[in-house]
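Those letters in the sequence shown? Residues 0 to 426, per numbering that gives the first Met the number 0, in order. In this text, a Cβ means the ideal position worked out from N, Cα and C, and glycines have one as well.
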Amino acid sequence: MNRRGRVGAAVAALVAVLLAYAPSALAVTVKVDAKPGALAAALAKARSGDVLTLAAGIHQGGLVLAKAVTLQGLPGAVIEGRGEGSVIRVTVPGVAIRDLTIRKSGIRPVDYDSAIFVEKQAGNFTALRNWLDGNLFGIVLHGADKSVVKDNRIDNRSDVYDTERGNAIHLWAVDDSLIEGNRVSGGRDGVYVEASHGNQIKDNHFQKVRFAIHYMFANRGKIIGNRSRGNRIGFALMYSNDLEVRDNVSIDDEEHGLMLHTSHRSLVEGNRIRATREKCVFIYTATSNVIRANRIENCELGLHFTGGSENSVIANNAFVDNRTQVKYTGTVFYEWSEAGRGNYWSDNPAFDLDGDGTADAAYRPNTVMDRLVWRYPLAKLLMSSPVMEALKIAQSHFPALMPGGVIDSHPLMAPPPSFALGAESGS
0 MNRRGRVGAA
10 VAALVAVLLA
20 YAPSALAVTV
30 KVDAKPGALA
40 AALAKARSGD
50 VLTLAAGIHQ
60 GGLVLAKAVT
70 LQGLPGAVIE
80 GRGEGSVIRV
90 TVPGVAIRDL
100 TIRKSGIRPV
110 DYDSAIFVEK
120 QAGNFTALRN
130 WLDGNLFGIV
140 LHGADKSVVK
150 DNRIDNRSDV
160 YDTERGNAIH
170 LWAVDDSLIE
180 GNRVSGGRDG
190 VYVEASHGNQ
200 IKDNHFQKVR
210 FAIHYMFANR
220 GKIIGNRSRG
230 NRIGFALMYS
240 NDLEVRDNVS
250 IDDEEHGLML
260 HTSHRSLVEG
270 NRIRATREKC
280 VFIYTATSNV
290 IRANRIENCE
300 LGLHFTGGSE
310 NSVIANNAFV
320 DNRTQVKYTG
330 TVFYEWSEAG
340 RGNYWSDNPA
350 FDLDGDGTAD
360 AAYRPNTVMD
370 RLVWRYPLAK
380 LLMSSPVMEA
390 LKIAQSHFPA
400 LMPGGVIDSH
410 PLMAPPPSFA
420 LGAESGS
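1. Measure the beta-carbon distance from Phe136 to His169 and round it to whole angstroms, keeping in mind my assumption that it falls under 8 angstroms.
2. Any idea if Gly341 is buried or exposed, counting beta-carbon neighbours within 10 angstroms, 16 or more meaning buried?
3. By how many angstroms is the C-alpha of Pro35 removed from the C-alpha of Leu25?
4. Just grab the DSSP bridge partners of Arg182 for me.
5. Only counting the same chain, and skipping five residues up and downstream in sequence, which positions put a Cβ closer than 6 angstroms to that of Ile138?
6. Give every residue of the same chain whose Cβ lies closer than 6 angstroms to the Cβ of Val50, excluding the five residues on either side of it in the sequence, and list them in chain order.
7. Do the CB positions of Ile313 and Trp335 come within less than 8 angstroms of each other?
8. Just the Cα atoms here: how many angstroms apart are Pro406 and Ile78?
9. Mind reading off the beta-carbon distance from His263 to Met237? Whole number of angstroms is fine, and I expect it under 8 angstroms.
10. According to DSSP, what are the bridge partners of Gln120?
11. Check each candidate in Gln59, Ala76, Trp171 and Ser184 and name the one with the smallest Cα separation from Asp98.
12. Excluding the 5 residues preceding and the 5 following Ala41 in the sequence, name in chain order all residues of the same chain whose CB lies nearer than 6 angstroms to its CB.
13. Restricting to Cα atoms, I'd like to know which of Gly229, Arg107 and Ala194 is closest to Val183.
14. Measure how close the beta-carbons of Ile178 and Asn198 come, nearest whole angstrom, since I'm counting them as under 8 angstroms.
15. For Gly404, list the residues DSSP reports as bridge partners.
16. Does the Cβ-Cβ distance between Arg219 and Gly186 come in under 8 angstroms?
17. Helix, strand or coil for Asp132? Go by DSSP, reduced to three states.
18. Taking its Cβ as the centre, do 16 or more other Cβ atoms sit within 10 Å of Glu296, making it buried, or is it exposed?
19. DSSP three-state label for Leu371, please.
20. For Glu268, does the three-state DSSP call read helix, strand or coil?
21. Would you identify the three-state DSSP class for Tyr20, choosing helix, strand or coil?
22. Out of curiosity, what's the CA-to-CA distance linking Val289 and Lys326?
23. When DSSP labels each residue in this structure, what does Val109 get in the three-state scheme?
24. Identify the residues that DSSP records as bridge partners of Thr125: which are they?
25. To the nearest angstrom, how far is the alpha carbon of Ala33 from that of Arg231?
26. Could you pull out every residue in the same chain whose Cβ sits closer than 6 angstroms to the Cβ of Gly56, ignoring the five residues on either side in sequence?
27. Cutting at 6 angstroms between CB atoms, please list the residues of its own chain near Glu253, excluding the five before and the five after it.
28. Given this structure, state the Cα-to-Cα distance separating Asp346 from Ile96, to the nearest angstrom.
29. Could you name the residues of the same chain whose beta carbon sits closer than 7 angstroms to that of Gly122, not counting the 5 residues immediately before and after it, in chain order?
30. If you draw a straight line from the alpha carbon of Ile153 to that of Gly307, how long is it in whole angstroms?
31. Here's a check: name, in chain order, each residue in its chain whose Cβ is nearer than 6 angstroms to the Cβ of Tyr283, leaving out the five neighbours to either side.
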């Protein structure tokens, strides 16, 4: 290439660089007063990259963000909808919304009426430190990949029928996004994730919802450090594979603290499930999972384990003061220990003569009588009868009388160190 050609190529490259950085170089910050029509006018004039700073007061909603702008609020700034549709609809990538109160969406669940609705082509969206108050849905990410929803407070409407409530944070066909540090109250589900893969749901708090976190057909997710209190179900993970479920807390939930339904190859570790009114943990036809180092405490039923849940490791957990520790009615034997370590059972009156930290005899959480009562509830009336006492004695001497069941060949004498008895399970 001659000298003229080299100069031309250099000039072309410089022009390309300048064009690439031109939007940010020309971006400006604009203050928007809380006057009728002011925000819509500012958006019409804005360029991609601009920052619109909203003054305290009420700004009119029903907005469509078709430019990659940032909306940020000064203290007291409110965007208020008209009671129909979504308050803000995002149609381009790169939009950020932060430090605003957003309220008064419509109430049509079929239209996903939301505080913020983000369309499929509008990925790389950010919602930060907002208060979404009294909307049907909070934030709907409708295919918007690589988005961040962080440190928001979401108080959804609960004054409509259960079937017509909206989710606080709703992900559909969304990949590689982060949902972190949000506080949710009211509405349908806290975080609903469907057909969405590789997302992280971290350090969120949920109360007064149906399910705190609800996964459907969503793989490779990380569900870490979340808190559920007083909801119908804490963590409902259904038809989803290769999940990492760690260090979550469920306290005083109604039906299940954690449900793993037809979900496979997942790690469930370090979770604390306490005082669920029905079942701490429900595992239903879920295979090849590792369920390790969880504390399952003070529930009516500690762990309900159904047939068809093969090839899973269940070890190093603490089952503490559950009225029934485990329910399993199948005819297959399942070993609940790993590498010579089983689980801690608060009702196991065991001995450890060799001092290795594991009991000298295997532990069976279920008996013949348990299975009789589950199948024939009226059998409770005969629990103290001579026939039942004879069955108890026979099973203790002849375990083969019980066809199948859960057996822990190496039960622990004490809870794992991180789960010492009396330790607070989170709040």
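With the structure as the only source:
1. By 1-based counting over the sequence shown, the position of residue 136 is 137. By 1-based counting over the sequence shown, the position of residue 169 is 170. Indeed they touch by this definition, with Cβ atoms about 6 angstroms apart.
2. Taking the first residue of the sequence shown as 1, we reach residue 341 at position 342. Counting Cβ neighbours within 10 Å, Gly341 comes out buried, since at least 16 surround it.
3. For the purposes of this step, residue 25 is taken as residue 26 along the sequence shown, with counting starting at 1. For the purposes of this step, residue 35 is taken as residue 36 along the sequence shown, with counting starting at 1. Rounded to whole angstroms, Leu25 to Pro35 spans 27 angstroms at the Cα level.
4. Indexing the sequence shown from 1 puts residue 182 at position 183. For Arg182, the pairing in a beta bridge is given by DSSP as Arg152 and His204.
5. Translated into the one-based positions of the sequence shown, residue 138 becomes position 139. Apart from the 5 residues on each side of it in sequence, Ile138 sits with its Cβ closer than 6 angstroms to the Cβ of Ile115, Ala126, Val148 and Ile168 in its chain, given in chain order.
6. Along the sequence shown, read from residue 1 onward, the residue named residue 50 stands at position 51. Residues of the same chain with a CB within less than 6 angstroms of the CB of Val50, apart from the 5 flanking positions on each side, are Thr28 and Thr69 in chain order.
7. Taking the first residue of the sequence shown as position 1, residue 313 is located at position 314. Taking the first residue of the sequence shown as position 1, residue 335 is located at position 336. Result yes, Cβ atoms of Ile313 and Trp335 sit closer than 8 angstroms.
8. Taking the sequence shown and counting its residues from 1, one reaches residue 406 at position 407. Taking the sequence shown and counting its residues from 1, one reaches residue 78 at position 79. Here residue 406 is Ile; the residue named in the question, Pro, does not match the sequence. When rounded, the distance between both Cα atoms is 59 angstroms.
9. Here residue 263 is taken as the residue at index 264 of the sequence shown, counted from 1. Here residue 237 is taken as the residue at index 238 of the sequence shown, counted from 1. Actually they do not touch by this definition, with Cβ atoms about 12 angstroms apart.
10. As a working mapping, residue 120 is identified with position 121 in the sequence shown. Here Gln120 is not bridged, per DSSP, to any residue.
11. Here residue 98 refers to the residue found at position 99 when the sequence shown is read from its first residue. Residue Ala76 is the option with its Cα nearest to Asp98.
12. As a working mapping, residue 41 is identified with position 42 in the sequence shown. These residues qualify, in order along the chain: Val29, Val31 and Leu51.
13. To locate residue 183, count along the sequence shown from 1; it is residue 184. Considering only Gly229, Arg107 and Ala194, the residue with the shortest C-alpha distance to Val183 is Gly229.
14. Taking the first residue of the sequence shown as position 1, residue 178 is located at position 179. Taking the first residue of the sequence shown as position 1, residue 198 is located at position 199. The Cβ separation is near 7 angstroms, so the contact holds.
15. For the purposes of this step, residue 404 is taken as residue 405 along the sequence shown, with counting starting at 1. Looking at the DSSP assignment, Gly404 forms a beta bridge with Phe332.
16. Here residue 219 is taken as the residue at index 220 of the sequence shown, counted from 1. Here residue 186 is taken as the residue at index 187 of the sequence shown, counted from 1. Taking a C-beta distance under 8 angstroms as the contact criterion, Arg219 and Gly186 do not qualify as a contact pair.
17. Your numbering for residue 132 matches position 133 in the sequence shown. Asp132 falls in the strand class under three-state DSSP.
18. As a first step, residue 296 must be located in the sequence shown, where it is residue number 297. That one is buried.
19. Here residue 371 corresponds to residue number 372 of the sequence shown, with the count starting at 1. Any reading at Leu371 needs caution, since the residue's pLDDT is 49, under 50, leaving its predicted position unreliable; the model's value is listed next. In the structure shown, Leu371 adopts helical secondary structure according to DSSP, grouped into three states.
20. Locating residue 268 in the sequence shown gives position 269, counting from the first residue. In the structure shown, the three-state DSSP call for Glu268 is strand.
21. Residue 20 sits at position 21 when you count from the first residue of the sequence shown. The predicted position of Tyr20 is uncertain, since its pLDDT is 49 and thus under 50; no value can be drawn from it.
22. Residue numbering aside, residue 289 sits at position 290 when the sequence shown is read from its first letter. Residue numbering aside, residue 326 sits at position 327 when the sequence shown is read from its first letter. Distance between the alpha carbons of Val289 and Lys326: 19 angstroms.
23. In the sequence shown, residue 109 corresponds to position 110, counting from 1. Secondary structure of Val109 (DSSP, three-state): helix.
24. Position 126 of the sequence shown holds residue 125. Answer is Ala95 and Val147.
25. Against the sequence shown, residue 33 aligns to sequence position 34. Against the sequence shown, residue 231 aligns to sequence position 232. Using only the alpha carbons, I get a separation of about 40 angstroms.
26. For the purposes of this step, residue 56 is identified with residue 57 of the sequence shown, where counting begins at 1. So the list reads Ala33, once near-sequence residues are dropped.
27. Here residue 253 refers to the residue found at position 254 when the sequence shown is read from its first residue. Excluding positions up to five away in sequence, the list reads Arg231 and Arg276.
28. Position 347 of the sequence shown, counting from 1, holds the residue named residue 346. Position 97 of the sequence shown, counting from 1, holds the residue named residue 96. If you take the alpha carbons of Asp346 and Ile96, they lie about 53 angstroms apart.
29. If you number the sequence shown from 1, residue 122 lands on position 123. Non-local C-beta neighbours of Gly122 in its own chain, meaning closer than 7 angstroms and more than five positions away in sequence, comprise Pro92, Ala143, Asp144, Lys145 and Ser146, ordered along the chain.
30. Here residue 153 refers to the residue found at position 154 when the sequence shown is read from its first residue. Here residue 307 refers to the residue found at position 308 when the sequence shown is read from its first residue. Going from the Cα of Ile153 to the Cα of Gly307 covers about 38 angstroms.
31. Along the sequence shown, one-based indexing puts residue 283 at 284. The answer, listed in chain order, is His260 and Thr305.
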